[in-house]
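A.B. asks: Quick one: the structure is below, questions incoming.
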Amino acid sequence: MNADQCVHCGLCLTACPTYEATGLEVESPRGRLVLLAQWAENPAERDASTATWLDDCLDCRACESVCPAHVPTGHLVEQWRAEADPADVDRRLMPWLKLLIGSPFGLNWLRKLGRWSQIPAARAFMKWTAPQFATPAVALMDGLLDYTPGPLSRHRLRSDADDGGVLLFVGCVMDAIYAETNVHTAALLRLAGQPVYVPIQQRCCGALHLHAGRRDEARQWAQRNIETYEKSKAHAIVVNAAGCGTTLKEYPQLFLHDSAWRERAVRFSEAVQDVLVVLQNHPLPDLPVRHERITIHDACHHVHAQQIFEAPRALLSRAGYQIEEMADSTRCCGSAGVYNLTHAEMSQKLLQNKLHNIPDGIETVAAANPGCMLQIQAGAVHFGRTLRVRHPVDLAYQAYQDQGYWSTGGPHGGQLA
Numbered sequence: 001m002n003a004d005q006c007v008h009c010g011l012c013l014t015a016c017p018t019y020e021a022t023g024l025e026v027e028s029p030r031g032r033l034v035l036l037a038q039w040a041e042n043p044a045e046r047d048a049s050t051a052t053w054l055d056d057c058l059d060c061r062a063c064e065s066v067c068p069a070h071v072p073t074g075h076l077v078e079q080w081r082a083e084a085d086p087a088d089v090d091r092r093l094m095p096w097l098k099l100l101i102g103s104p105f106g107l108n109w110l111r112k113l114g115r116w117s118q119i120p121a122a123r124a125f126m127k128w129t130a131p132q133f134a135t136p137a138v139a140l141m142d143g144l145l146d147y148t149p150g151p152l153s154r155h156r157l158r159s160d161a162d163d164g165g166v167l168l169f170v171g172c173v174m175d176a177i178y179a180e181t182n183v184h185t186a187a188l189l190r191l192a193g194q195p196v197y198v199p200i201q202q203r204c205c206g207a208l209h210l211h212a213g214r215r216d217e218a219r220q221w222a223q224r225n226i227e228t229y230e231k232s233k234a235h236a237i238v239v240n241a242a243g244c245g246t247t248l249k250e251y252p253q254l255f256l257h258d259s260a261w262r263e264r265a266v267r268f269s270e271a272v273q274d275v276l277v278v279l280q281n282h283p284l285p286d287l288p289v290r291h292e293r294i295t296i297h298d299a300c301h302h303v304h305a306q307q308i309f310e311a312p313r314a315l316l317s318r319a320g321y322q323i324e325e326m327a328d329s330t331r332c333c334g335s336a337g338v339y340n341l342t343h344a345e346m347s348q349k350l351l352q353n354k355l356h357n358i359p360d361g362i363e364t365v366a367a368a369n370p371g372c373m374l375q376i377q378a379g380a381v382h383f384g385r386t387l388r389v390r391h392p393v394d395l396a397y398q399a400y401q402d403q404g405y406w407s408t409g410g411p412h413g414g415q416l417a
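Yeah, the sequence shown ends on 417 if you go by UniProt numbering, and it's all consecutive.
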C-alpha cells in the first residue's frame with residue numbers, strides 16, 4: 001500500500017472538497033500522494049508546509065470512489081498521521097477525546113457537556129478559556145440546542161438472549177448524544193425479526209483516534225471489541241453510524257504485522273453490517289405515503305468507504321417519506337471526525353456549500369452519522385435556516401410509531417426496546 005500506485009490521471013481533482021475550495025494541486029489527492037512519496041523518500045526535506053497540506057485532508061474517501069488505480073488515499077494519510085512527528089499533526093484535542101470517549105464515565109461527561117452547551121454563561125466561559133478550539137466547538141454545539149440528555153442507551157436497552165441474534169454496536173457519540181437513535185435502531189431491528197444483543201463491555205470503535213494518527217490506541221479499542229464479539233453468539237454486528245461502521249470493517253488494517261490478531265479482526269469485520277443495509281435485506285412493512293418531503297445527506301463513510309447509497313432511500317421510501325434529492329448529496333459536510341474543530345475555516349466553507357445544496361422548502365435532512373448530524377444542524381442554526389437533521393432510523397421509527405407500532409394493542413405491542 002503506497003502512493004506510487006497513483007497514475008496521475010486527475011480524476012480525483014473534482015471529487016476532492018479541499019481542492020475545489022482552494023484550487024491548489026497540493027490540496028488535491030494527486031498532490032498529496034506526491035507529497036507522501038517525497039516525505040517517505042527525502043526525510044531531510046520535510047517541512048511544515050508539506051505537513052499542513054497533508055493534514056488538511058478530510059479523509060472523506062471521495063477520491064477513492066473515482067480512482068481507476070484504487071489508491072487507498074485515506075489509509076495512506078492515516079498512516080502518515082500515525083508516523084509523523086507530533087509537531088506536524090494537530091493532536092491537542094486528543095487528551096480531551098481520551099477523557100470523553102474512553103469510558104462510560106467519560107461518556108456521561110459528554111452528555112453533561114451537551115446540556116451545559118445550552119447555558120449562555122457556560123458557552124462564554126468555554127470561549128474565554130480556550131478560544132482556538134472552544135469557538136468552533138461552541139458553534140458546533142448549536143446543533144444541540146434541542147438536545148435533552150438521557151441515560152446511555154447501553155444501560156437502557158434490554159438484551160434478547162445471546163443465542164444467535166445481532167450484536168448492536170451503540171458507539172460513543174451516538175450513545176452519549178443520540179441515545180434515542182440506538183433505542184429506535186433496536187426497535188426497528190426487532191420489528192424486522194432480528195433479536196438484539198447489547199453487551200455492556202463494548203467500547204469506542206477508535207475512529208477519532210485513527211483520524212488523529214493514534215493507531216496504537218485505536219488498536220487497543222479494536223482488541224476489546226473483537227473480544228466482546230467473540231464471547232457472544234451473535235451472527236452479525238449491527239452499527240448505525242457511518243464512521244463507526246467503516247472503522248469496524250477496517251479493523252484488519254490495524255493488525256497488518258500481527259497475523260493472529262489479523263485473523264480475528266477479519267472474522268470480526270466480516271460480521272459488521274450497517275443497520276440500513278440490514279433493514280434493506282429484511283424489509284419492514286410498507287406504510288402509506290406521508291405528506292412530508294425530506295432530503296438525504298450521504299455521509300462520506302457510507303457512500304465512499306462502504307458504497308452504501310440506496311439503503312437509506314429504501315428504508316425511508318418504505319416508511320412513506322417523499323424524498324427530494326440534494327445536489328452533491330455525497331459531498332463532505334466538513335465534519336470529518338474532529339476536522340471541524342482543528343480546521344474550522346475549511347470546515348465552514350464545506351458546510352455552507354452543503355446548506356446551499358439543500359432543496360428549497362425542505363425542512364428535514366436525513367443523515368446517518370453523528371458528526372454530520374451535529375455539523376449540519378449547527379450550520380442551520382448559525383445561518384438561520386429552518387431545518388431538523390435526523391438519522392434515517394429516527395425518521396423511520398417515527399413513521400411506524402405514527403401507524404400504531406409499539407403502542408399498546410398496536411401491530412408490535414407496547415414494548416419499545
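Here a beta-carbon is modelled for each residue, glycine too, at the ideal position from N, C-alpha and C.
Taking the alpha-carbon positions, what's the L35 to G320 distance?
C.D. replies: Whole-angstrom Cα-Cα distance: 49 Å.
A.B. asks: Can you say whether L24 is buried or exposed, counting buried as having 16 or more other CB atoms within 10 angstroms of its CB?
C.D. replies: Its Cβ having fewer than 16 others within 10 Å, L24 is exposed.
A.B. asks: Just list the residues that DSSP pairs D274 with in beta bridges.
C.D. replies: V239.
A.B. asks: So, I296 versus S317, is the Cβ gap smaller than 8 Å?
C.D. replies: Contact flag unset, no.
A.B. asks: Please state whether the Cβ-Cβ distance between L287 and I308 is less than 8 Å.
C.D. replies: Their beta carbons are not under 8 Å apart, which means L287 does not touch I308 by this criterion.
A.B. asks: Would the beta-carbon of A187 fall within 8 Å of that of P370?
C.D. replies: The answer is no: Cβ separation not under 8 Å.
A.B. asks: With 16 as the cutoff for other CB atoms within 10 Å, does G74 come out buried or exposed?
C.D. replies: Answer is buried; the Cβ neighbour count reaches 16.
A.B. asks: Is it right to say F133 is buried, meaning 16 or more other beta carbons lie within 10 angstroms of its own, or is it exposed?
C.D. replies: Reliability of the predicted coordinates at F133 is poor, the pLDDT of 48 falling under 50, and no value is obtained from them.
A.B. asks: From W39 to C16, what does the alpha carbon distance come to, in whole angstroms?
C.D. replies: Cα to Cα, W39 sits roughly 21 Å from C16.
A.B. asks: Considering only DSSP beta bridges, list what R388 is partnered with.
C.D. replies: According to DSSP, which records beta bridges pairwise, R388 is partnered with T364.
A.B. asks: Hey, how far is the Cα of Q403 from the Cα of E325?
C.D. replies: Cα to Cα, Q403 sits roughly 25 Å from E325.
A.B. asks: Identify which residue in R331, L157, D55 has its Cα closest to the Cα of N182.
C.D. replies: The shortest C-alpha separation from N182 is found at L157.
A.B. asks: Between A380, A327, Y178, which has its C-alpha nearest N357's C-alpha?
C.D. replies: Cα-wise, what sits closest to N357 is A327.
A.B. asks: According to DSSP, simplified to helix, strand and coil, what is V183?
C.D. replies: The answer is helix: DSSP assigns V183 an H, G or I state.
A.B. asks: For the segment 168-185 against the segment 223-241, are there 3 or more C-beta pairs whose distance is under 8 Å?
C.D. replies: They touch, by the three-pair rule.
A.B. asks: Using the DSSP secondary-structure output, state which residues sit across from V166 in a beta bridge.
C.D. replies: Answer is V196, A236, bridged to V166.
A.B. asks: Give me, in chain order, the residues of the same chain whose beta-carbon lies closer than 7 Å to that of E27; leave out the 5 immediate sequence neighbours on both sides.
C.D. replies: If we look at E27 and ignore the five residues flanking it on each side, its Cβ neighbours are T18, Y19, W53, D56.
A.B. asks: Of the residues V77, A176, A3, which one's Cα is nearest the Cα of A69?
C.D. replies: Closest option to A69, Cα to Cα, is A3.
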